[in-house]
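Peer 1:
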Amino acid sequence: MNNSNRLRIAIQKSGRLSDDSIKLLLLCGIKVNLEQQHLISFSQNMPIEVMRVRDDDIPGLIMDGIVELGIVGKNVLEEIALSRQDQEKSIKYQILKDLDFGICRLSLSVPVDKNYFNLKCFNNTCIATSYPYLLKKYLNKEKIQFSSFLLNGSVEVAPRAGLSDAICDLVSTGGTLETNGLREVEVIYHSHACLISSSKDISSFKKKIIEKLLVRITGIITARESKYIMLHIPINKVKEVISLLSGAEHPTILNLVGDKNRVAMHMVSRESIFWETMEKLKILGASSILVLPIEKMME
Ligand code: ATP
Ligand code: ZN
Numbered sequence: 061m062n063n064s065n066r067l068r069i070a071i072q073k074s075g076r077l078s079d080d081s082i083k084l085l086l087l088c089g090i091k092v093n094l095e096q097q098h099l100i101s102f103s104q105n106m107p108i109e110v111m112r113v114r115d116d117d118i119p120g121l122i123m124d125g126i127v128e129l130g131i132v133g134k135n136v137l138e139e140i141a142l143s144r145q146d147q148e149k150s151i152k153y154q155i156l157k158d159l160d161f162g163i164c165r166l167s168l169s170v171p172v173d174k175n176y177f178n179l180k181c182f183n184n185t186c187i188a189t190s191y192p193y194l195l196k197k198y199l200n201k202e203k204i205q206f207s208s209f210l211l212n213g214s215v216e217v218a219p220r221a222g223l224s225d226a227i228c229d230l231v232s233t234g235g236t237l238e239t240n241g242l243r244e245v246e247v248i249y250h251s252h253a254c255l256i257s258s259s260k261d262i263s264s265f266k267k268k269i270i271e272k273l274l275v276r277i278t279g280i281i282t283a284r285e286s287k288y289i290m291l292h293i294p295i296n297k298v299k300e301v302i303s304l305l306s307g308a309e310h311p312t313i314l315n316l317v318g319d320k321n322r323v324a325m326h327m328v329s330r331e332s333i334f335w336e337t338m339e340k341l342k343i344l345g346a347s348s349i350l351v352l353p354i355e356k357m358m359e
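For any residue, its number in our numbering is found by taking its place in the sequence shown, counting from 1, and adding 60.
The following block contains the structure:
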């Protein structure tokens, strides 16, 4: 239980989620010096302390009520929840927000020279993994008989070293698998980072800070997914532009000085604007097309 008056937020100390987690906290307006590698850093402008730990420790810290907020991959969250369930420990938590980073998948891979047809090929195999609980949950549901062993690093070398027939590991591009002569054959879990909170007693003072941060994080993520579009277009093509940019809301139309036939359109689009869309706008007669990133947004 955290009895201090400061809201504790746990993030990964060093690894794939660290930079994006720190960036998100800073964008939220939390002033904190994270240059020194301290376990706990105090914010200078908000009653918040940032705790930096191994990602595997974050779900437990939340479920035991030691920290109120955490940023962790869903893969780790689910794996730890399953292992704690096995040990009859508390597994209460809330997912406050799915975040837009840490995107990866947990996959089964086999050596490239091995024939593979379907999941039944995993019957009577030995699989190396850092995620034994997620693997067991998936293969038990499919009624596959297998054995697994835990490796917390270098999982991808296990088959070549003669330790296992297959691996179950995180993949983002597939480059590591290829380098190690492996082929991804089944995705068992899609993952991304998420903001989680403890379900234990949280004071109303801290709840208010959490609400404030949640609004800011939602604004940051919506802004990152959105674009501000500006273009010039013949007046008679305005409707066609609106239907082409269906993700855009209430465009603003402005007159152009010295040009009665064309107008400027400004709008926010919730969808990515691809080159293909810009080319279609060009065919409609658009010019001076600008697509700008948005830093912050509040509904
Ligand atoms: P720690 O020292 O904190 O235990 P780690 O080695 O377990 O670190 P990282 O490799 O830094 O963990 O990955 C942290 C999280 O980043 C993963 O659990 C996953 O949610 C996410 N992730 C995103 N892409 C990948 C990837 N290509 N490989 C592994 N993890 C990824
Ligand atoms: Zn880890």
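All C-beta atoms, glycine included, are put in the ideal place defined by N, C-alpha and C.
Rounded to whole angstroms, what's the CA-CA distance from H292 to I280? Just pull it up for me.
Peer 2: Stepping through the sequence shown from its first residue, residue 292 is reached at position 232. Stepping through the sequence shown from its first residue, residue 280 is reached at position 220. Each residue's Cα considered, the two are about 28 Å apart.
Peer 1: Taking the straight line between their C-alpha atoms, what separation do you get for R330 and H252?
Peer 2: Position 270 of the sequence shown, counted from the first residue, corresponds to residue 330. Position 192 of the sequence shown, counted from the first residue, corresponds to residue 252. Approximately 20 Å between the Cα atoms of the pair.
Peer 1: Quick check on K342: does DSSP put it in helix, strand or coil?
Peer 2: As a working note, residue 342 is residue 282 in the sequence shown. Residue state, collapsed to three classes: helix.
Peer 1: Any heavy atom of ligand 2 inside 7 Å of the beta-carbon of R114?
Peer 2: Mapped onto the sequence shown, residue 114 falls at position 54. Answer for R114: yes, Cβ within range of ligand 2.
Peer 1: Using a Cβ-Cβ cutoff of less than 6 Å, which residues in the same chain neighbour F423 once the five nearest sequence positions on both sides are dropped?
Peer 2: Absent from the model: residue 423. The displayed extent of the chain is 61 to 359, so no value can be given.
Peer 1: Give the range of the beta strand (DSSP E) segment to which N321 is assigned.
Peer 2: If you number the sequence shown from 1, residue 321 lands on position 261. Per DSSP, the unbroken beta strand (DSSP E) holding N321 starts and ends at 319-329.
Peer 1: Quick one: using the 10 Å Cβ neighbour count with 16 as the cut-off for buried, is I69 buried or exposed?
Peer 2: Within the sequence shown, residue 69 is the residue found at index 9, counting from 1. With 16 or more other Cβ atoms within 10 Å, it is buried.
Peer 1: Going straight from the alpha carbon of K152 to that of I118, what length do you get?
Peer 2: Looking up residue 152 in the sequence shown gives position 92. Looking up residue 118 in the sequence shown gives position 58. Spanning the two alpha carbons is a distance of roughly 13 Å.
Peer 1: If we count Cβ pairs, one from each stretch, closer than 8 Å, do we get three or more for the segment 132-140 versus the segment 262-282?
Peer 2: As far as the Cβ criterion goes, the segment 132-140 does not touch the segment 262-282, which means the pair count is below three.
Peer 1: Thinking just about the alpha-carbon of each residue, which of I122, L156, S167 is nearest to the one in L255?
Peer 2: Locating residue 255 in the sequence shown gives position 195, counting from the first residue. The candidate whose alpha carbon is nearest that of L255 is L156.
Peer 1: Roughly how many angstroms lie between the CA atoms of L223 and C186, to the nearest whole one?
Peer 2: Translated into the one-based positions of the sequence shown, residue 223 becomes position 163. Translated into the one-based positions of the sequence shown, residue 186 becomes position 126. Straight-line Cα distance between these residues: approximately 8 Å.
Peer 1: Helix, strand or coil for S150 per DSSP?
Peer 2: Numbered from 1 along the sequence shown, position 90 holds the residue referred to as residue 150. Correct three-state label for S150: coil.
Peer 1: Should K73 be counted as a contact of ligand 1 given a C-beta to heavy atom distance under 7 Å?
Peer 2: Taking the sequence shown and counting its residues from 1, the one referred to as residue 73 is at position 13. Checking the 7 Å criterion, the Cβ of K73 is within range of a heavy atom belonging to ligand 1.
Peer 1: Taking 8 Å as the limit between beta carbons, can you name the residues of its chain near E202, skipping five residues before and five after?
Peer 2: Position 142 of the sequence shown, counted from the first residue, corresponds to residue 202. Contacts found: L179.
Peer 1: Between the Cα of S257 and those of E128, L210, S207, Q97, spot the shortest distance and give me the residue it belongs to.
Peer 2: As a first step, residue 257 must be located in the sequence shown, where it is residue number 197. Nearest of E128, L210, S207, Q97 to S257, Cα basis: E128.
Peer 1: Can you tell me where the beta strand (DSSP E) with N178 in it begins and where it stops?
Peer 2: The residue you call residue 178 lines up with position 118 of the sequence shown. Neither: N178 is in no beta strand (DSSP E) and is coded neither H nor E.
Peer 1: Which residues in the same chain as V172 place their Cβ atom closer than 6 Å to its Cβ, once the five residues preceding and following it in sequence are excluded?
Peer 2: As a working note, residue 172 is residue 112 in the sequence shown. Cβ neighbours of V172 beyond the five flanking positions: G241, R243.
Peer 1: I need the boundaries of the alpha helix (DSSP H) containing L211, first residue and last residue.
Peer 2: Numbered from 1 along the sequence shown, position 151 holds the residue referred to as residue 211. Neither: L211 is in no alpha helix (DSSP H) and is coded neither H nor E.
Peer 1: Buried or exposed: E246, going by 16 or more other Cβ atoms within 10 Å of its Cβ?
Peer 2: Translated into the one-based positions of the sequence shown, residue 246 becomes position 186. Answer is buried; the Cβ neighbour count reaches 16.
Peer 1: Bridge partners of P353, per DSSP?
Peer 2: Position 293 of the sequence shown holds residue 353. In DSSP, P353 forms a bridge with K287.
Peer 1: With DSSP as the reference, please indicate the residues paired to T130 in a beta bridge.
Peer 2: Numbered from its first residue, the sequence shown carries residue 130 at position 70. Reading off the sequence, residue 130 comes out as Gly, not Thr. DSSP lists A70, I256 as partners of G130.
Peer 1: What residue range is occupied by the uninterrupted beta strand (DSSP E) comprising Y191?
Peer 2: Here residue 191 is taken as the residue at index 131 of the sequence shown, counted from 1. Premise fails: Y191 is in no beta strand (DSSP E) and is neither H nor E.
Peer 1: Is there at least one non-hydrogen atom of ligand 1 closer than 7 Å to the beta-carbon of G130?
Peer 2: By 1-based counting over the sequence shown, the position of residue 130 is 70. Because no heavy atom of ligand 1 lies under 7 Å away, the Cβ of G130 does not count as near it: no.
Peer 1: Is any heavy atom of ligand 1 found at a distance shorter than 7 Å from the C-beta of N135?
Peer 2: Mapped onto the sequence shown, residue 135 falls at position 75. N135 has its Cβ nearer than 7 Å to a heavy atom of ligand 1.
Peer 1: Would you say T189 and D229 are within 8 Å of each other, going by their C-beta atoms?
Peer 2: Indexing the sequence shown from 1 puts residue 189 at position 129. Indexing the sequence shown from 1 puts residue 229 at position 169. Yes. Within cutoff.
Peer 1: Using 8 Å as the threshold, is the segment 341-357 in touch with the segment 284-291, meaning 3 or more CB pairs across them?
Peer 2: yes
Peer 1: Give the DSSP-derived three-state secondary structure of I281 in the structure shown.
Peer 2: The residue given as residue 281 occupies position 221 in the sequence shown. Looking at I281 - three-state DSSP - the assignment turns out to be helix.
Peer 1: Ends of the beta strand (DSSP E) at D229?
Peer 2: Here the question's residue 229 lines up with position 169 in the sequence shown. Element bounds for D229: 226-231.
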